[in-house]
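Protein chains in written order, with my numbering: chain A, 1 to 541; chain B, 542 to 640; chain C, 641 to 1271.
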């Protein structure tokens, strides 16, 4: 297969896979899972092959394909990757198979057939790949909106008790942003028509335009609002805690791990190069949003009682760091921000997965319903700790490298914002360690002890939405059961199963590996970022 | 021949039809008033075709007649079925399609 | 210059304990049987390697060796190479960490023998040793920062080792958070260095720091100091250290006495080229050192928990070290000598305390001890030697090193020199008081043991390290000052020691300090030794005692200044986010919904009203058309 077809294959194969999985008979749930896992592994392989074919010192966009799509508008089905998009493809490639494995039993208990869940998952993968590889702005917009559909159904059909509310909120927020962006896309087309004589949506052509600063500001805002909702930046963030909390774990991982990165990716790919003057004009304003977001979301995370909401808020705080890195306009900070996008996907992905495993066992999302889990499930606690430490950017984990790069790169340009943002790392330690202490440390107590030891815990498969109400109802018996020694058999079930270890271990390995030796990724990212910064003109130090 | 008379006639017919639609309850009468309005329009179209010396208006009038014929078929059928189920041809009784 | 021979393999110093930790953590229960042996072996091997490296270093012309490992982060202007710097300063720390570390690993084999999670304990200890070695051996501030937070993690894990106890879990979290406050200072200092100098390596920063404006240098110095205060439990970040005693006692000995908490002193000594240029920052270091010295000593006088007394003693002794390194070139060597001697005697004292606790069913309340000298002869002997070394009994290690600090302070020959010297002498008296009180309450007097406690001497695997450390406590001071002078060894780092013109004759200082020390001992005997020690602490005490018992209200201040407002702010923001931001969005949605359902009311279902609407609309449009075309 020619290298330029890798990207097409990465969209087409999961899309066909989704159709195939959806067409399976209802009772072939296991086959649906196997097919999904296989297809996602093929995508991972393609992502690795694409990375191998990518020449770091070569052109900005490589592995390009272009087919005429809507000739009347000059829109093309044009694909291509730079280093930034490539690392996001790798992230998608790594996360989806793990999400599939982690969600193995997610849809078993629900009213909807298993195959539907996995079909949506594959379709989501195809759309996510598309949004990162599109080099035609209209095509990007189409993928940007199409991505909502599978995620809407993943949340709305397989989520927690308030899934309908969360799904609609997610959809409306994204749609509003998307429509504003559509207006800006059309505006861009109009400008290109007047300047080039012939309208185009091709990114490379649009980059060459010389847009009037006032028009730039309007168009920038159109794109910015869409991406700020997606990312999300405070104050456009309130959909994420709801969606993150109600989505099934697999959906939540992909939501904050990849989907939201489209926002920050969009800042870097579209806002900065297309509207350099407007970007410089609005940069202080965006930085205020970013820094306020870092602290505000961190404080909110501390105040949450629901673990999944807490993790969602930590993500909002982290997105503040990414936005800070992007709008500091230095190569170091920009590179750090892109690396942050990858690292956050891995670290928060692991945190969501581990939290999901805990919730799967206890049937409650409330922090207060757990305690002393470390004594009963040391592997689970260990994975939780690694995920938490990565989330608070401890050196030795991958997040440290990216957070350090963002901050050290932003400091020379924006010292005040950076210092305020750095205070965020204290808050990060607080919200992670508070959650860890409350759930893992202390004497064992809470919902996990109320499980009858005689009844084998499914442990792996209880849907997250099924049992949130049990916490309060059985609280009275907590003290009675707390003193009873657990039967030896329960320990095994409580701790991670082999399947769960297979999910957690690669993520931990990546987190630590990229924390010690991040340079290969940085080498991929940096040329694209410095190209972006030089598109911006002038501020590259 | 001045077209003004034809146009005044058409306007009067149209007004009669419009008032009829608004004030009458019987579906059949309302229906006939609608036909009256359509034909008033037809008259206008033909008048203008005549004054401008082109056939566009006549063609349009033929279209209106065809559509009106089709409408009569569908409309009468609906009125018939409503009358059968409700034993009434009053348009005010058929107000379920709301909100 | 690039390292050769064994020095080129100095990365093994870090790799060995790290590999030990990895094997023990990943190996799981399979390694339970021999895990503690592996953990000890890696640290002992590292010690042997450190000795060999140091010997080779001593033979080098330039006494400094660089080991470049790999490119850690390279992007834009930033280029961080993972590399090690083995020079005399890092050598003495490497020896201290691996040497004392080995002894404490051996001790822990006995101390943790009955703990089901002993393997995990050794894994964490190994992790700590690796991180601490990275901290002192790294060749850039970034490497130091990585090690810095690494030891913070190890400290967190070890304080929370008995995590089922809520107090331990809380103490661990508190330690990590307060350390992180300091880490922010260190991090921003690194940002400033990069922004101003474009590099973070020691060689690059120290080579060009002189080109910076004075204010910038002072800022860097103060930010580094914030980091140092966090790690070393200095004012205003001292409150975590006493709580950290919730961890197992070997942890207190290794991390919270001998090594990790002295990292702040290392940082300041390492950054000597920066502090040499900024008297302002040095003055702040001095002030913090002197203040903490007194805070620690005063709080140490009032506690009844044996480990907390020792913890406050550590706070106070590190205050001495800060005071010393704050004096600049005159004090670096004195401070580091005290650091090494302190590493010996304080580790020995903690191990002794651990042995006492071992004998007393893990009790820590000194009011329930007493008369233990007969039951625990070895512990008493080693503890006693450590005690004498700490209070500065003539010709034991503390005598030499503490006097050197007081000497250096007085040599400033100004008012502040006399103030600082006076504070240091006063501190020596207080030290003698609280340590004598501890000795009297623990080993002498009447036995006040709780029922069912049968004190017994610890096994030899525990007493042997205590003996070694006691020997070190006795001789290290004399060795470091006269036989094998530290000042000569550290010359490549801090330059030629200046021949100080002594303001006060050293012999006189020694005499004064000894007299003050004896007064402290006498006071302790008068207050504690003469009378019966009540089993419960007296409730009616003077305000001074009450303040000392509350560690001068540091926790209360932190609580009312940061914790409560923080919790309040968090709650307020949660409310704001749910009601305000989200409320606005949901309100908008509800408003739209309400409007549309109200508008829907106009759809009555009456065909004739629709027809009227259409007619009205048509008339309006026609009217508008007419108005536009005719007007």
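Ideal Cβ positions, reconstructed from N, Cα and C, are used throughout, including at glycine.
Computed from a predicted model, the values in this text were never measured in an experiment.
On the CB-based measure, 16 or more other CB atoms within 10 Å of its CB, does residue 549(B) come out buried or exposed?
On the second chain, position 8 is the one that residue 549(B) refers to. Counting Cβ neighbours within 10 Å, residue 549(B) comes out exposed, since fewer than 16 surround it.
Which residue's Cα is closest to the Cα of residue 1005(C): 943(C), 678(C), 656(C), 891(C)?
Counted from its first residue, the third chain places residue 1005(C) at position 365. It is 943(C) whose Cα lies nearest to the Cα of residue 1005(C).
Span separating the alpha-carbon of residue 144(A) from that of residue 130(A):
Within the first chain, numbered from 1, the residue matching residue 144(A) stands at position 144. Within the first chain, numbered from 1, the residue matching residue 130(A) stands at position 130. Cα to Cα, the separation comes out at about 8 Å.
Leaving aside the five residues before and after residue 220(A) along the sequence, list all residues of the same chain whose C-beta is less than 7 Å from its C-beta, in chain order.
Stepping through the first chain from its first residue, residue 220(A) is reached at position 220. 271, 275, 278, 279, 282.
Output yes or no for whether 8 Å exceeds the beta carbon distance between residue 82(A) and residue 528(A).
As a first step, residue 82(A) is located in the first chain; it is residue number 82 there, counting from the start. As a first step, residue 528(A) is located in the first chain; it is residue number 528 there, counting from the start. Contact flag set, yes.
On the three-state DSSP scale, how would you describe residue 70(A)?
Working through the first chain from its first residue, we reach residue 70(A) at position 70. Correct three-state label for residue 70(A): strand.
Of the choices 61(A), 97(A), 138(A), whose alpha-carbon is the least far from that of residue 68(A)?
Translated into positions along the first chain, residue 68(A) becomes position 68. With distances taken between Cα atoms, residue 68(A) lies closest to 138(A).
Examine chain C for any beta-carbon lying closer than 8 Å to the beta-carbon of residue 303(A), and answer yes or no.
The count along the first chain starts at 1 and reaches residue 303(A) at position 303. At least one chain C Cβ lies under 8 Å of residue 303(A).
Should residue 104(A) be labelled buried (16 or more other beta-carbon atoms within 10 Å of its own) or exposed?
Translated into positions along the first chain, residue 104(A) becomes position 104. It is buried - the Cβ of residue 104(A) has at least 16 other Cβ atoms within 10 Å.
Buried or exposed: where does residue 1035(C) fall if 16 or more other Cβ atoms within 10 Å of its Cβ makes it buried?
Along the third chain, read from residue 1 onward, the residue named residue 1035(C) stands at position 395. Under this definition residue 1035(C) is an exposed residue.
Per the contact definition of three or more C-beta pairs closer than 8 Å, is the stretch 867-883 of chain C in contact with the stretch 1185-1202 of chain C?
yes
Candidates 1103(C), 1064(C), 1143(C): which alpha carbon is nearest residue 1053(C)'s?
The residue given as residue 1053(C) occupies position 413 in the third chain. Taking only the C-alpha atoms, the option nearest residue 1053(C) is 1143(C).
Own chain residues within Cβ distance below 6 Å of residue 496(A), not counting five before or after:
Position 496 of the first chain, counted from the start, is the residue given in the question as residue 496(A). Excluding residues within five positions, the ones whose Cβ falls inside 6 Å are 379, 380.
What residue range is occupied by the uninterrupted beta strand (DSSP E) comprising residue 711(C)?
Here residue 711(C) refers to the residue found at position 71 of the third chain. It spans 705-715 - the beta strand (DSSP E) in which residue 711(C) sits, taken as one unbroken run.
Taking only the alpha-carbon atoms, compute the straight-line gap between residue 754(C) and residue 937(C) and give it to the nearest angstrom.
Numbered from its first residue, the third chain carries residue 754(C) at position 114. Numbered from its first residue, the third chain carries residue 937(C) at position 297. Near 35 Å, if we compare the C-alpha coordinates of residue 937(C) and residue 754(C).
How close, in whole Å, do the beta carbons of residue 962(C) and residue 874(C) come, if the pair is a contact with beta carbons under 8 Å?
On the third chain, position 322 is the one that residue 962(C) refers to. On the third chain, position 234 is the one that residue 874(C) refers to. Indeed they touch by this definition, with Cβ atoms about 6 Å apart.
Less than 8 Å between CB atoms is the rule here; does residue 1219(C) satisfy it with respect to chain A?
For the purposes of this step, residue 1219(C) is taken as residue 579 along the third chain, with counting starting at 1. No, because no Cβ of chain A sits closer than 8 Å to the Cβ of residue 1219(C).
What did DSSP end up calling residue 1241(C) once you bin it into helix, strand or coil?
Counting from one through the third chain, the residue named residue 1241(C) turns up at place 601. Here residue 1241(C) sits in coil by DSSP.
Is DSSP giving residue 445(A) helix, strand or coil here?
Working through the first chain from its first residue, we reach residue 445(A) at position 445. Looking at residue 445(A) - three-state DSSP - the assignment turns out to be strand.
Is the beta carbon of residue 735(C) less than 8 Å from the beta carbon of residue 778(C)?
Position 95 of the third chain, counted from the first residue, corresponds to residue 735(C). Position 138 of the third chain, counted from the first residue, corresponds to residue 778(C). The answer is no: Cβ separation not under 8 Å.
Start-end ranges of the alpha helix (DSSP H) lying completely within the stretch 940-991 of chain C, minimum 4 residues
946-966
Completely contained beta strand (DSSP E) runs for the stretch 315-352 of chain A, where each covers 3 or more residues
none
Residues within the stretch 796-813 of chain C neighbouring chain A, beta-carbon criterion of under 9 Å:
796, 797, 800, 803, 804, 805, 806, 808, 809, 810, 812, 813
Kindly list the residues whose CB is nearer than 6 Å to the CB of residue 12(A), restricted to its own chain and excluding five residues on each side of it in sequence; keep chain order.
In the first chain, residue 12(A) corresponds to position 12, counting from 1. Closer than 6 Å at the Cβ level, and outside the excluded window around residue 12(A), lies no residue.
Between residue 1171(C) and residue 1086(C), what straight-line distance do the alpha-carbon atoms span, to the nearest angstrom?
In the third chain, counting from the first residue as 1, residue 1171(C) sits at position 531. In the third chain, counting from the first residue as 1, residue 1086(C) sits at position 446. Using only the alpha carbons, I get a separation of about 10 Å.
Give me whichever residues DSSP pairs with residue 803(C) in a beta bridge.
For the purposes of this step, residue 803(C) is taken as residue 163 along the third chain, with counting starting at 1. DSSP, once it has assigned bridges, lists no residue as partnering residue 803(C).
Check residue 517(A) in the structure and name its three-state DSSP category.
In the first chain, the residue the question calls residue 517(A) occupies position 517. If DSSP states are grouped into helix, strand and coil, residue 517(A) belongs with coil.
Against chain C, with Cβ distances strictly below 8 Å, would residue 590(B) count as a contact?
Here residue 590(B) refers to the residue found at position 49 when the second chain is read from its first residue. Cβ-Cβ to chain C under 8 Å: no for residue 590(B).
Helix, strand or coil at residue 583(B) [DSSP, three-state]
The residue you call residue 583(B) lines up with position 42 of the second chain. The answer is helix: DSSP assigns residue 583(B) an H, G or I state.
Taking all protein chains shown into account, do 16 or more other C-beta atoms lie within 10 angstroms of the C-beta of residue 577(A), making it buried, or fewer, making it exposed?
Only positions 1 to 541 of chain A appear in this structure, which leaves residue 577(A) out of reach.
Taking Cβ positions, are residue 791(C) and residue 772(C) nearer each other than 8 Å?
Counted from its first residue, the third chain places residue 791(C) at position 151. Counted from its first residue, the third chain places residue 772(C) at position 132. Cβ distance < 8 Å, so residue 791(C) and residue 772(C) count as in contact.
Whole-Å CB distance - residue 1145(C) paired with residue 1045(C), under 8 Å assumed
Numbered from 1 along the third chain, position 505 holds the residue referred to as residue 1145(C). Numbered from 1 along the third chain, position 405 holds the residue referred to as residue 1045(C). Contact doesn't hold; Cβ gap of about 16 Å is too wide.
Nearest neighbour of residue 968(C), chosen from 994(C), 919(C), 1245(C) [CA to CA]
The count along the third chain starts at 1 and reaches residue 968(C) at position 328. That would be 919(C), whose Cα lies nearest to the Cα of residue 968(C).
Closer than 8 Å, Cβ to Cβ, to anything on chain C: give me those residues from the stretch 391-419 of chain A, in chain order.
394, 395, 396, 400, 401, 404, 405, 407, 408, 409, 411, 412, 415, 418, 419
Residues within the stretch 698-719 of chain C neighbouring chain A, beta-carbon criterion of under 9 Å
710, 711, 712, 713, 714, 715, 716, 717, 718
DSSP three-state call for residue 720(C): helix, strand or coil?
Position 80 of the third chain, counted from the start, is the residue given in the question as residue 720(C). Residue state, collapsed to three classes: strand.
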